[in-house]
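Working notes for the structure below.
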Amino acid sequence: MPRLTSAELIEELSLEGRGLARLLTEERVQPFLGLDLTLSQLKTLLLVASGMAHTGRELADRLRVSAPSVSAGVDRLVELGYLSRAESANDRRVKTLAPTRRGSDLYNEIVDHRAASDELLRTLDPDDLAALVRGISALRRAAQVHLSPAERSS
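Residues 1 to 154 in the UniProt record's numbering are what the sequence shown spells out, letter by letter.
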C-alpha cells in the first residue's frame with residue numbers, strides 16, 4: 001500500500017474527526033432534548049450548580065443583565081425543583097441559591113462526559129489506544145511550539 005502524503009493524511013484526519021464529532025454530538029445532545037428549561041434558565045442553573053454564582057446579583061453580573069430580569073428565571077427554576085433559595089447567613093436581605101438534587105443531577109449529566117469517553121476508549125485495542133496517545137501527545141507538543149505566546153505575537 002503506498003504511503004499517504006501529509007496533505008492526504010490531514011484530509012483523512014479531518015474527515016475522521018468530523019465523523020467522530022457528529023457521533024459524539026448526538027450523545028452530548030441527549031440531556032438537552034427533554035428539558036423544560038429556556039436557554040436563559042439553563043445558563044442560570046449551570047452558573048449556580050458550577051459555583052460561579054450564588055446570588056441573584058452574581059447571576060445578573062455573570063449574565064450581563066439586570067437583577068430583576070434574573071428573578072423570574074430563578075423563580076421558575078425553584079418551582080421546577082432545580083434550585084433552592086435560602087437567606088444568607090451574613091445578610092438576611094440576600095437570598096443564596098443552590099442546586100437541588102435534581103439540579104445537580106442535570107448539571108452532572110451535562111458537564112461530566114468523561115466516564116462515557118473513558119468507556120469508549122476502553123473498547124479500543126491497546127495498540128490503537130497507544131497510537132492515539134502518541135498522536136495526541138505529538139499534536140500537543142506541536143501546539144506548544146507553534147502556538148506559544150512568543151510565536152503568536154510575531
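Cβ atoms here follow ideal geometry from the backbone N, Cα and C, with glycine treated the same way.
Alpha-carbon spacing of residue 96 relative to residue 34, whole angstroms: 28 Å
C-alpha distance - residue 12 paired with residue 49, whole-angstrom precision: 40 Å
Contained alpha helix (DSSP H) runs [length at least 4] in the region 47-112, N- to C-terminal order: 56-63, 67-79, 101-111
Reference residue 63; option with closest CA among 16, 146, 41: 41
CB of residue 74 within 8 Å of CB of residue 51, strictly: no
Residue 2, DSSP secondary structure in three states: coil
Beta-carbon spacing of residue 139, residue 99 below 8 Å: no
Cα-Cα separation between residue 142 and residue 16, rounded to whole angstroms: 20 Å
Residue-level contact to chain C via CB, residue 103, 8 Å cutoff: Given the protein chain composition of this structure (a single chain), no chain C is represented.
CB of residue 109 within 8 Å of CB of residue 31, strictly: yes
Cβ-based burial, residue 83 [other Cβ within 10 Å; buried from 16]: buried
Unbroken alpha helix (DSSP H) run spanning residue 36, endpoints: Element bounds for residue 36: n/a, residue is neither H nor E.
Beta-carbon proximity check, residue 81 vs residue 102, cutoff 8 Å: yes
DSSP state of residue 154 mapped onto helix, strand, coil: Summary for residue 154: the model assigns pLDDT 46, below 50, so the residue's position carries little reliability, and this model does not support an answer.
Rounded separation between residue 58 and residue 135 - CA only: 42 Å
Secondary structure of residue 20, DSSP reduced to three states: helix
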